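Numbering (this note's numbering), first residue to last: 355 to 776. Ideal Cβ positions, reconstructed from N, Cα and C, are used throughout, including at glycine. Predicted model only: the values in this text are computed from it and were never measured. Have a look at the structure below before the remarks.
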Amino acid sequence: MKILVIGSGGREHALVWKLASSPRVSELYCAPGNAGISQLATCVPIPSTDLPGLKAFAEENSIALTVVGPEAPLALGIADLFRESKLKVFGPTKNAAKIESSKSFAKNLMLRQRIPTAEASTFESVRPALDYLDRCALPIVVKADGLAQGKGVVVAGNLQDAKDAVVNMLEQRAFGDAGNRVVIEECLEGEELTLMAFADGKTVVPMLAAQDHKRVGEGDTGPNTGGMGAYAPAPLATPALRYAIMRDVLHPAIEGLSRVGSPFFGVLYAGLMVRDGTPYVLEFNARFGDPETQVVLPLLETDLADVLEAVVEHRLDQIHLDWSEESSVCVVMASGGYPGKYASGLPIDGLPEASSQDQVAVFHAGTAWKDQNVVTAGGRVLGVTARGPSLKAAHDRAYEAGRRISFEGQYFRTDIAARVLT
Ligand code: AMP
Ligand code: GLY
355 MKILVIGSGG REHALVWKLA SSPRVSELYC APGNAGISQL ATCVPIPSTD LPGLKAFAEE
415 NSIALTVVGP EAPLALGIAD LFRESKLKVF GPTKNAAKIE SSKSFAKNLM LRQRIPTAEA
475 STFESVRPAL DYLDRCALPI VVKADGLAQG KGVVVAGNLQ DAKDAVVNML EQRAFGDAGN
535 RVVIEECLEG EELTLMAFAD GKTVVPMLAA QDHKRVGEGD TGPNTGGMGA YAPAPLATPA
595 LRYAIMRDVL HPAIEGLSRV GSPFFGVLYA GLMVRDGTPY VLEFNARFGD PETQVVLPLL
655 ETDLADVLEA VVEHRLDQIH LDWSEESSVC VVMASGGYPG KYASGLPIDG LPEASSQDQV
715 AVFHAGTAWK DQNVVTAGGR VLGVTARGPS LKAAHDRAYE AGRRISFEGQ YFRTDIAARV
775 LT
């Protein structure tokens, strides 16, 4: 079976790495991929948002299944285009993907389905938003409605920061059209948790729960990023909590989308805040999470190609997922300055030494080839991931492998998984 993976990050490297271990997969392609992915798959230089280009490639190369990694092509309707052309594609339609691409759409769905979440109001102009903020309790959360690569959320501790965020999004258009609307919502307290599930419109099959570290700084400080590291399984996710998330969040969301004529096929990602054992939704994503996928897939023992195909063929009820009893930890190595400005094109040393460690996989995110060397090519550069019989063992292995890697200005958090290890 020939598979095409779309995207170029650590998530896509983890997907390609997992699929490469399937005896069913004969050829793997990735568009556009990165330096690490090119060691496992044929990378084709088609941007992930070039829908006609991707469709033509899939047709010309008889691709049996296309797996969409990032949100942008889903929001543009890649799954609709492929389905119309009778090409098998793993990922939701444009309308179903609105659960991620419009926070106001997601809020309305949650309200209708009585899914526990923060109370929120949506605004399209500055004045009413600022007046509303004057009446809100602090801290308060201001979100751009559309896609902003995880950077469109401001958790404001004071009124001025909240107002600045509104002006920045609605008036100064910091996120372009993604900020045509803002959602202002109550700030939830608790512990964050990610539960991703495969869904084929009816059946919902959850993966292991993971925890992400979204803030750039040690001890969860500083601005939000795409994710600085993760671990799985998260001890917070007891069987009772997983049951509650399925019953109160994932099943109602899937049902709600089917009810409005947009059944969801793909991975539904629930970003949750857990308070006193109750899960509240912070966000939904319509795809695999990054870096969560980098820690969850190494623990999956079922053939991923079988699972993805079952979703696309609407027979997920026939699938049972087997998981390793082990744990895994991913430490993201980023370019100095990320999530702000950073340099690119810097040579990376020590990759073979790090990757050859036992139970370690170094997933590439922002990397490229330059004169036969791997160089940095993005904010998040690598996801150094390790498995071990305990979270502590996986943690130690990941940091030990990370020590072998170096590039100018490299930055990583030293406290990934620390909260559960102390
Ligand atoms: P989102 O993209 O909506 O998940 O937001 C990114 C991050 O902002 C989340 O992972 C949380 O850390 C934080 N966040 C978002 N919404 C809230 C909220 N209502 N209360 C507290 N923190 C939030
Ligand atoms: N880890 C957050 C995300 O994938 O959006």
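Note: L654 is bridge-paired with W677 in the DSSP secondary-structure output.
Three or more Cβ pairs closer than 8 Å define a contact, and the stretch 585-599 falls short of that threshold against the stretch 439-448. Annotation for F766: V685, V686, M687, A688, G756 place their beta carbon closer than 7 Å to its own, counting only its chain and skipping 5 residues before and after. The DSSP assignment places 480-488 as complete runs of the alpha helix (DSSP H) inside the stretch 459-488, in order along the chain (cut-off: 4 residues). Taking 8 Å as the upper bound for CB-CB distance, V536 and V495 are not in contact here, some 10 Å apart. For A551, the enclosing beta strand (DSSP E) has its first and last residue at 545-554. According to the DSSP assignment, P587 belongs to no alpha helix (DSSP H), since it is labelled neither H nor E. The beta carbon of I417 sits closer than 6 Å to the beta carbons of K356, L358 from its chain, once the five residues preceding and following it are set aside; these are given in chain order. Considering only E545, V480, A553, the residue with the shortest C-alpha distance to D518 is V480. The beta carbons of S456 and Y585 sit about 30 Å from each other, so the pair does not count as a contact at 8 Å.
Residue pairing by DSSP places M687 opposite L736 in a beta bridge. In the structure shown, the three-state DSSP call for L562 is coil.
R365 counts as buried, since at least 16 other C-beta atoms from the protein chains shown sit within 10 angstroms of its C-beta. Taking 8 Å as the cut-off, the beta carbon of V635 is found no closer than this to the beta carbon of M523. Secondary structure note for K568: it is in no alpha helix (DSSP H), with a DSSP letter that is neither H nor E.
In the DSSP assignment, F411 falls outside any beta strand (DSSP E) and within the unbroken alpha helix (DSSP H) covering 405-414. At least one heavy atom of ligand 2 lies closer than 7 Å to the C-beta of G504. With a 10 Å radius around the Cβ and a threshold of 16 neighbouring Cβ atoms, A385 comes out buried. In the DSSP assignment, the residues bridged to K724 are N727. Annotation for N512 indicates a beta carbon at 7 Å or more from all heavy atoms of ligand 1. A Cβ-Cβ separation of about 5 Å places I599 in contact with P633 under the 8 Å criterion. A distance criterion of 7 Å places the beta-carbon of N578 in contact range of ligand 1, judged by its closest non-hydrogen atom. Residue L700 holds the alpha-carbon nearest to the alpha-carbon of Q726 among V738, S709, L700.
For Y753, the three-state secondary structure derived from DSSP is helix.
Taking the Cβ atoms as the reference, D644 lies roughly 6 Å from G581, within the contact range of under 8 Å.
Per DSSP, the beta bridge partners of L622 are A551.
In this chain, the alpha helix (DSSP H) harbouring P706 covers 705-709.
L419: member of the beta strand (DSSP E) spanning 419-422, first to last residue.
Look at P606 here: in three-state DSSP terms it is helix.
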